[in-house]
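For the record, the sequence lines run as chains L and B.
Throughout, this note's numbering is defined as the position within the first sequence, counted from one, plus 24.
Throughout, this note's numbering is defined as the position within the second sequence, counted from one, plus 24.
There are 2 protein chains.
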Amino acid sequence: MEAKRATIKDVAEAAGVGVATVSRVLSGGSASPHTRERVLAVAAQLDYRPSALGRNLRQRRTGGIGLLVPDLTDTFFGQLAEGVLACARSAGEPVVLGSTGDDPEQEAELVGMLLEQGVDRMIAVPSGGADTWGPAARAGMTVVFADRLPAERAADGLTGGGPPGGAGDLMLLDGVPPPPPARPAEVPAVLADDRTGIRTAVRYLRGLGHRRIAFLGGPGHDRRVAAFREAVGPPVDEDLVVFATGSRDSAYAAASGLFQSRPDLTAVLAGGNMLGEAAVLAARELDLRVPRDVSLVMYDDVPWAELCSPPLTVIAQPGRDIGYRAAELVLRTSGRRPRAVVLPTELIVRGSCGPRR
Amino acid sequence: MEAKRATIKDVAEAAGVGVATVSRVLSGGSASPHTRERVLAVAAQLDYRPSALGRNLRQRRTGGIGLLVPDLTDTFFGQLAEGVLACARSAGEPVVLGSTGDDPEQEAELVGMLLEQGVDRMIAVPSGGADTWGPAARAGMTVVFADRLPAERAADGLTGGGPPGGAGDLMLLDGVPPPPPARPAEVPAVLADDRTGIRTAVRYLRGLGHRRIAFLGGPGHDRRVAAFREAVGPPVDEDLVVFATGSRDSAYAAASGLFQSRPDLTAVLAGGNMLGEAAVLAARELDLRVPRDVSLVMYDDVPWAELCSPPLTVIAQPGRDIGYRAAELVLRTSGRRPRAVVLPTELIVRGSCGPRR
DNA sequence: CACTCACATGGATACGTTTTCATGCATCTC
DNA sequence: GAGATGCATGAAAACGTATCCATGTGAGTG
Chain L
25 MEAKRATIKD VAEAAGVGVA TVSRVLSGGS ASPHTRERVL AVAAQLDYRP SALGRNLRQR
85 RTGGIGLLVP DLTDTFFGQL AEGVLACARS AGEPVVLGST GDDPEQEAEL VGMLLEQGVD
145 RMIAVPSGGA DTWGPAARAG MTVVFADRLP AERAADGLTG GGPPGGAGDL MLLDGVPPPP
205 PARPAEVPAV LADDRTGIRT AVRYLRGLGH RRIAFLGGPG HDRRVAAFRE AVGPPVDEDL
265 VVFATGSRDS AYAAASGLFQ SRPDLTAVLA GGNMLGEAAV LAARELDLRV PRDVSLVMYD
325 DVPWAELCSP PLTVIAQPGR DIGYRAAELV LRTSGRRPRA VVLPTELIVR GSCGPRR
Chain B
25 MEAKRATIKD VAEAAGVGVA TVSRVLSGGS ASPHTRERVL AVAAQLDYRP SALGRNLRQR
85 RTGGIGLLVP DLTDTFFGQL AEGVLACARS AGEPVVLGST GDDPEQEAEL VGMLLEQGVD
145 RMIAVPSGGA DTWGPAARAG MTVVFADRLP AERAADGLTG GGPPGGAGDL MLLDGVPPPP
205 PARPAEVPAV LADDRTGIRT AVRYLRGLGH RRIAFLGGPG HDRRVAAFRE AVGPPVDEDL
265 VVFATGSRDS AYAAASGLFQ SRPDLTAVLA GGNMLGEAAV LAARELDLRV PRDVSLVMYD
325 DVPWAELCSP PLTVIAQPGR DIGYRAAELV LRTSGRRPRA VVLPTELIVR GSCGPRR
């Protein structure tokens, strides 16, 4: 009953050849047609499946790809993970998953575990900065960042980088000149074009007459915040820029606090879907009507954005594509390391924004 | 720069001991205090991390745990995955993830990959039946099912238990008398008490005067459907029981078709959060007001249920706990295999149900 | 002191694979 | 026909670890 799996040795014996030959046949090496056929037949008959364990040890790498996200409960990261999985599956690579909770410490721990596991390629939505990712790179890991860049010098390093070319077609309202040309990121990454997304949203709100626009940020939203500051200011009313940690409670507290401390604000830009959720909840709790009393734009297009009433106007970023492209990047060993990829965002106007009251 | 990692041999040499001793010290075997201290110091200094590759090969198992879910975009499975990850992390075990898309074929393929990878313990929200899971078990895998049971004889195995029970005492919310004890499943699994959840919801709707209640089911909802049939019938109006596949499009089509073909229905029970979403959307599209024209109860309490207007009345099942318990089960090798665990569900009344129009 | 017992220790082996290397055979070239 | 060339092939080494087993050392017991 406890049938042990057949090894390459069993196949070799049964086929009357050496193990080297079996290995070659199965890895596509050269072999005579006759031998190949025989080996294949025997392997199929024994239901032989090469053990990744042996192979991994031999070539000193697991081959799998690691995936680190802050929280799978966040629909966006679910989408991203699905993208990674889709690409990995088509490449036949296993994916080992970790959830960091947006905690650099947990993140570092998980990276350590992956290292130990022999995983040498990973995709990460980083929480920590150089403290975590320097060592990882030094250990020989190929890491592709998704959705964000590690904190350290990310802000000034990347917020200057708009899309390669296409911000022009999104100039909805006024004719503000497109941002300066993109400075390519220093690290391989797949990002959404936060900057254009935020700019477009801010312009849209401005066009509706809003002047006191708040930003609700969460961990890893540095680029979005920077883009927001750039788009609205200067001067930037700093009280209108508030932050939450990764939890839902914190997001709600931040949103609620914002509404209460600044009843004069007329629009809110939520930096992520959890924050958008919190904003809707907090507004309802305080009897603020959307969009009559306050307009709301949320980053991330999630399925439930349409369920709200009114349906939420969102900045959509292609979560699944981001994951898929990141996986492609990390799997592409041929040629030199590719640089950052920036995917377009899109403002989807639904019903949560109205003219300034 | 490309510093190769230190091996156990390096540590042994540097510490002036044999590799066996190092191995023992690190795995908690016996060693003299002096030696132990010395080895530990050297290991720390060399930043030695034992390679899981070598260990795995030696003991012929990866140690990690596999996790198979239908779709990470579904918030419920995200919660479940978070639970699994939390438990796995505290046990120091890596988790390798696969998304099946509710397709038995993909599922079987993923199981094969895990097998190959040396993963011998897994948690699955199964799509396929015995065709997939028989071989997996025969290959020596320890598998714990979560949220569902494999199709084969799950339906009659689990829903058949117990008499319909006197529906006379309509203690609506928390006072519902516990159903007859569930007959333990034949396989290790962690499930929500679907039966009670559905019964409670149906009674609640009945109490509001609803008589034509529809059920919107998706893949893997067999137990819920059976519970629904049991709770409403007989006779069961079969036109009021409709099914969708796993996709959002299919869910919407099913919901929309249901509303159009049976305009006389007054309440809908959605078997999952995707179906609930579809129901809300379809109702809105057809200008049906919730709850005035149609009452709605959704399985799964997801954060956005509260965002809808009106907020959705739901049957909450503890997704995170289900994942966590499943991971505990699959990690507990001590003692004999534990049986099925059934976690309670809870009807959370919000605003999506009203008296029959 | 002889003997035993417990225990710390290191050498050797096995895990299943890939890859290198040498061998043998057949074919080709001059 | 002799040498060179090409190719299929198998033996063996390596990957990093855990564990079996034999050895050595100390203490404890008679």
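Quick reminder that beta carbons are idealized off the backbone N, C-alpha and C, glycines included.
If you're wondering where the values come from, they're calculated on a predicted model, not measured in any experiment.
CA-CA distance, residue i and residue j?
| i | j | result |
| --- | --- | --- |
| ARG236 of chain L | ASN297 of chain L | 21 Å |
| PRO368 of chain B | VAL338 of chain B | 14 Å |
| THR97 of chain L | GLU106 of chain B | 7 Å |
| VAL63 of chain B | GLU370 of chain L | 57 Å |
| GLY152 of chain B | LEU282 of chain L | 49 Å |
| ASP95 of chain B | VAL149 of chain B | 10 Å |
| ARG267 of chain L | LEU293 of chain L | Note on residue identity: the sequence assigns Phe, not Arg, to residue 267 of chain L. Using only the alpha carbons, I get a separation of about 12 Å. |
| GLN69 of chain B | ARG85 of chain L | 24 Å |
| SER75 of chain L | ALA65 of chain B | 35 Å |
| LEU81 of chain L | ARG230 of chain L | 59 Å |
| ALA154 of chain B | ALA38 of chain B | 53 Å |
| THR224 of chain L | ARG380 of chain L | 17 Å |
| GLU262 of chain B | VAL373 of chain L | 40 Å |
| VAL226 of chain L | ASP144 of chain B | 52 Å |
| LEU182 of chain L | PRO128 of chain L | Only weak support exists for where LEU182 of chain L lies, its pLDDT of 38 falling under 50; the coordinates are left without a value. |
| VAL321 of chain L | VAL46 of chain B | 58 Å |
| LEU353 of chain L | ASP246 of chain L | 24 Å |
| VAL43 of chain B | GLY53 of chain B | 13 Å |
| VAL167 of chain L | ALA351 of chain L | 10 Å |
| PHE100 of chain B | VAL35 of chain L | 44 Å |
So the beta strand (DSSP E) residue i belongs to, where does it begin and stop?
| i | result |
| --- | --- |
| VAL35 of chain B | No beta strand (DSSP E) holds VAL35 of chain B; the alpha helix (DSSP H) holding it covers 32-39. |
| LEU81 of chain L | No beta strand (DSSP E) holds LEU81 of chain L; the alpha helix (DSSP H) holding it covers 76-83. |
| GLU370 of chain L | 370-372 |
| LEU121 of chain L | 119-123 |
| MET146 of chain L | 145-148 |
| GLY90 of chain B | 89-93 |
| THR166 of chain B | 166-170 |
| GLY241 of chain L | 237-241 |
| ALA294 of chain L | 291-294 |
Using beta carbons (cut-off 8 Å, strictly below), is residue i in contact with chain L?
| i | result |
| --- | --- |
| ARG272 of chain B | yes |
| SER376 of chain B | no |
| ALA105 of chain B | yes |
| PRO287 of chain B | no |
| THR269 of chain B | no |
| GLY185 of chain B | Caution is warranted here: a pLDDT of 37 is assigned to GLY185 of chain B, below 50, making its placement in the model unreliable, and no coordinate value can be reported. |
| VAL365 of chain B | no |
Should residue i be flagged as near chain B, meaning a C-beta pair shorter than 8 Å?
| i | result |
| --- | --- |
| ALA148 of chain L | no |
| LEU81 of chain L | yes |
| ALA76 of chain L | yes |
| GLN141 of chain L | yes |
| VAL120 of chain L | yes |
| THR220 of chain L | no |
| LEU109 of chain L | yes |
Is it true that the CB of residue j sits closer than 8 Å to the CB of residue i?
| i | j | result |
| --- | --- | --- |
| GLU301 of chain B | LEU336 of chain L | no |
| GLU133 of chain L | GLY88 of chain L | no |
| GLY139 of chain B | ARG113 of chain L | Residue 139 of chain B is actually Leu in this sequence, not Gly. Not a contact, by the Cβ cut-off of 8 Å. |
| TYR276 of chain B | ALA306 of chain B | yes |
| SER319 of chain B | HIS234 of chain B | yes |
| GLY102 of chain B | GLY270 of chain L | no |
| ILE222 of chain L | ALA175 of chain L | no |
| ALA115 of chain B | TYR348 of chain B | no |
| ILE346 of chain L | ALA216 of chain L | yes |
| GLY142 of chain B | LEU77 of chain L | yes |
Tell me which residue opens and which closes the alpha helix (DSSP H) that residue i is part of.
| i | result |
| --- | --- |
| ARG154 of chain L | Just to set this straight, residue 154 of chain L is Ala in the shown sequence, not Arg. 154-162 is the extent of the alpha helix (DSSP H) around ALA154 of chain L. |
| VAL49 of chain B | 43-50 |
| SER285 of chain B | 272-285 |
| VAL108 of chain L | 99-114 |
| TYR228 of chain B | 218-231 |
| GLY136 of chain B | 128-141 |
| LEU353 of chain B | 343-355 |
Selection of the segment 155-168 of chain B by Cβ proximity to chain L, strictly under 8 Å = ARG162, ALA163, GLY164
Select from the segment 296-330 of chain L all residues with a C-beta closer than 7 Å to any C-beta belonging to chain B, and list them in chain order.
-> GLU301, VAL304, LEU305, PRO327, TRP328, GLU330
Interface residues of the segment 331-347 of chain B facing chain L [CB-CB below 7 Å] = LEU331, CYS332, SER333
Near-chain B residues of the segment 43-75 of chain L - C-beta to any C-beta below 9 Å = ARG73, PRO74, SER75
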